[in-house]
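See structure below.
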Amino acid sequence: MQNKPSFILRNPSANKGTGFNNEEREKLGLKGLLPPKVESLQEQSDRALSQFTSFNTNLERYIFLNCLRDRNETLFYYLLSNNLELMMPIIYTPTVGEACQKFGNEFRFAQGMYFASQDKGNIRAMMDNWPAEGVDIIVVSDGSRILGLGDLGTNGMGIPVGKLQLYVAGAGFCPTRTLPVIIDSGTNTKKYLEDKYYLGERHPRIPDSEYYPLVDEFLAAAFNKWPKVIVQFEDISNDHCFNLLDEYRNKYLCFNDDIQGTGSVILSGFINAVRSVQKPIKEHRMVFLGAGSAGIGVADCIMSLFDEAGVSKEEARKSFWFVDSKGLITTTRGDELTSQKKQYAREDYTYQLKSLLEVVRDVKPTAIIGLSGIGGSFSQEVIEEMAKHVEKPIVFALSNPTTNAECTAEQAYQWTDGRCIFASGSPFKPVEYKGKTFVPGQGNNMYIFPGLGLAASVCEAKHVTDAMIITAAKTLASFVEDSEVLTGKIYPGLQHIREISTRIAVKVIEKAYEEGMAQLPRPDNIEALVKSRQYVPSYDKSKN
Ligand SMILES: NC(=O)c1ccc[n+]([C@@H]2O[C@H](COP(=O)([O-])OP(=O)(O)OC[C@H]3O[C@@H](n4cnc5c(N)ncnc54)[C@H](O)[C@@H]3O)[C@@H](O)[C@H]2O)c1
1 MQNKPSFILR
11 NPSANKGTGF
21 NNEEREKLGL
31 KGLLPPKVES
41 LQEQSDRALS
51 QFTSFNTNLE
61 RYIFLNCLRD
71 RNETLFYYLL
81 SNNLELMMPI
91 IYTPTVGEAC
101 QKFGNEFRFA
111 QGMYFASQDK
121 GNIRAMMDNW
131 PAEGVDIIVV
141 SDGSRILGLG
151 DLGTNGMGIP
161 VGKLQLYVAG
171 AGFCPTRTLP
181 VIIDSGTNTK
191 KYLEDKYYLG
201 ERHPRIPDSE
211 YYPLVDEFLA
221 AAFNKWPKVI
231 VQFEDISNDH
241 CFNLLDEYRN
251 KYLCFNDDIQ
261 GTGSVILSGF
271 INAVRSVQKP
281 IKEHRMVFLG
291 AGSAGIGVAD
301 CIMSLFDEAG
311 VSKEEARKSF
321 WFVDSKGLIT
331 TTRGDELTSQ
341 KKQYAREDYT
351 YQLKSLLEVV
361 RDVKPTAIIG
371 LSGIGGSFSQ
381 EVIEEMAKHV
391 EKPIVFALSN
401 PTTNAECTAE
411 QAYQWTDGRC
421 IFASGSPFKP
431 VEYKGKTFVP
441 GQGNNMYIFP
451 GLGLAASVCE
461 AKHVTDAMII
471 TAAKTLASFV
481 EDSEVLTGKI
491 YPGLQHIREI
501 STRIAVKVIE
511 KAYEEGMAQL
521 PRPDNIEALV
531 KSRQYVPSYD
541 KSKN
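Each residue of the sequence shown is one higher than the one before, counting from 1 in the UniProt record's numbering.
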C-alpha cells in the first residue's frame, strides 16, 4: 500500500484530497479513489469550517483540527490562517490546556519527538528517525509547568505542537520543517503516574544531576543534526528555566518565550501605555505582583526604557517593587532569595509589607502589573487606592487563563472610573462604561514570538540578544498610532499578525546585522528575503 501512488492521500504534506485536479488524479493513479468533484482550497475550507462549528465542545474542535492537520496540512493551515482569532483559543490556550490534561485519553497519533531519561546516550541517533528533510525550529518543553496547570509530564506535548502551529500561521515557518519536542524527565503528578492511559515514563521527576545532562545532550544533538535550527524553550518550571536560559543563550540559537517573549510583548504594551499617560519613564513607579519567569522577564525588558532615558541600572531598579506570596521582596525580609528576585529586592525597607494593598498604599504606583497566577488579587480596594493618586493608572492583569486574571477589564474600568489603561493576558470583551466603549488590550505572546523566531532563523543569527527582543517590542508598539494610543489602545488587532510578524522579522534582522549577530551574508532587500521564506498555504507549489 505504502508504495502505491495513492498513498499520497495518507501523506498530510502532499495530500490535497478533493483538491487534486483531474490531470493529477490521472497521473497519480487516484482515479476512483476520490469523489468526482474537484474542489478548490476555499471550498474545502468552507466545509471544514462548517464541520468545526458543528461540534459541541472545544476539546472536540481541538481534536478535529489536529486530525485535519494529520490528513491535509495545506487545508489545515489555510483554515487556521484565515480564522486565526476564532481558532487560536482552540489550538492554543485555553483549550490546549484541557487537551494536555486529557492527552493520554484522547491520544490518536504521535506528533513530534520524545526524548526520555531512558534514551540518555542515544538522542543524536534517535534524531535521524525524524522523517523530514530539515528542521528550522524546535519548541521544547519538559511538561513541568504547563500553562497554569502544573506538572503534566509527557502530556505537555500539546504545547510545543500548538505553539509551532502558531509559528506557521503567524510568521510563515514551513510546517514540515518544525519539530515539537518533549523531554520526558518524569512527572511529580501522582494522578498521571497512576493513570493507565498516561504515555510518559512512569516515575517521579529525575534529580538535577540527571536532568541537566539530559537537556544538554538533547541540545548538543539538535545543533549537531540541524546546525541552523532555533530552539524555543517552553513551559519549563522556574527551578530550571532561568538556569537553562543562562547556560545556553550565548552558546546556541535559543530563547525562552515565557521569559523573553512575555517580556517583549508586555514591554510593547507598556511603551504604548507610557505614550498614553504622557508621563516620562523616569516618573513611573511599578508594582509587580508575582516574581516568576514572566514577572522577572517583563521587568528586565522594561529596564531597557530606563537605560535609553540615561538612567543607570542601579537607579532604575528603585522604580520597581516586587510582591510575591510572602509580601514585598526586600533584602531584609529574612528568606533566601533566588538571584532573579535578589536583583529587584528593595534595600530601603526596614519594615515588612505583607499585602499588596499595603504596598500600593506605601508606593502609590503609576503601574500595577499582575503576573502571579492568582485570580482576583487586584481587589477593588487595591485598584481604588491606586487610582486615588494617579490620573491614568496603568493596570495590567496578565495572569491566565481568564479566571486567574488579577481583575477583569470591567472591574478595572469601573474602579478607576474609566481612567485606567488596561491590558490582560487572556482576552476580555470590550466594556461599556458611562456611555463609552473601552477596548481592553491583550498582551498575547503571539504578537512577538513568530516574528522574532523567523528573524533569528532567516538571518541565521548566532544568538537571540536583548537588543533583538527589545526591537521586536518597539516594532509591535509602532503599529498603534498616536491618536489610538490616546484612547487607551495599546496593541494592534491580531488579525494583522502576518504583517506584524513580517515587520518584526525585518526590524529584528536589521538589529542582528547591526550587532554582528547575523551569519547570513547581508541581502540587498531584507523584506524581500523574509517574504520569500514565508510559507503560504496553497496547492500552487510556486507559492511555497
Ligand atoms: N503574555 C501574557 O500575558 C503572559 C505571559 C506569560 C505568563 N503569563 C501569566 O503570568 C502568570 C505567572 O506566570 P509565570 O510563568 O511567571 O509563573 P511562575 O510560577 O514562574 O511565577 C508565579 C509568581 O507568582 C508568585 N505568587 C504566587 N502566589 C502568589 C500570591 N498569593 N501573591 C503574590 N504572588 C504570588 C510566585 O511567588 C511567583 O513569583 C501565569 O498566570 C501566566 O499565565 C501571562
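All C-beta atoms in this analysis are idealised placements derived from N, C-alpha and C, irrespective of residue type, glycine included.
Short Cβ contact (8 Å threshold) for residue i with residue j
i	j	result
residue 368	residue 386	yes
residue 437	residue 427	no
residue 180	residue 278	no
residue 392	residue 419	yes
residue 164	residue 123	no
residue 538	residue 74	yes
residue 448	residue 504	yes
residue 18	residue 44	yes
residue 330	residue 309	no
residue 184	residue 114	yes
residue 153	residue 95	no
residue 382	residue 398	no
residue 169	residue 264	no
Inter-residue spacing [alpha-carbon to alpha-carbon] between residue i and residue j
i	j	result
residue 316	residue 366	15 Å
residue 416	residue 384	6 Å
residue 104	residue 226	30 Å
residue 144	residue 106	20 Å
residue 529	residue 464	19 Å
residue 101	residue 403	18 Å
residue 443	residue 423	6 Å
residue 147	residue 287	23 Å
residue 142	residue 116	10 Å
residue 328	residue 283	21 Å
residue 50	residue 509	40 Å
residue 65	residue 349	53 Å
residue 296	residue 341	8 Å
residue 451	residue 351	45 Å
residue 335	residue 519	45 Å
residue 545	residue 118	For residue 545 there is no data in the structure shown, the boundaries of the chain being 1 and 544.
residue 401	residue 370	13 Å
Coarse secondary structure for residue i, derived from DSSP in three states
i	result
residue 343	coil
residue 81	helix
residue 32	coil
residue 386	helix
residue 306	helix
residue 2	Any answer about residue 2 is weak, because its pLDDT of 49 lies below 50 and its placement is not dependable; what the coordinates show is given next. Residue state, collapsed to three classes: coil.
residue 229	coil
residue 180	strand
residue 324	strand
residue 165	helix
residue 45	helix
residue 7	helix
residue 451	helix
residue 475	helix
Buried versus exposed call for residue i [16 or more other C-beta atoms within 10 Å across all chains shown]
i	result
residue 67	exposed
residue 454	buried
residue 160	buried
residue 155	buried
residue 472	buried
residue 92	buried
residue 109	exposed
residue 412	buried
residue 69	buried
residue 85	exposed
residue 201	buried
beta-carbon residue i near ligand 1 non-hydrogen atom, thresh 7 Å
i	result
residue 323	yes
residue 359	no
residue 162	no
residue 58	no
residue 547	This structure cannot settle anything about residue 547, because the visible part of the chain is limited to 1 through 544.
residue 219	no
residue 142	no
residue 458	no
residue 487	no
residue 374	yes
residue 425	yes
residue 264	no
residue 300	no
residue 377	yes
residue 294	yes
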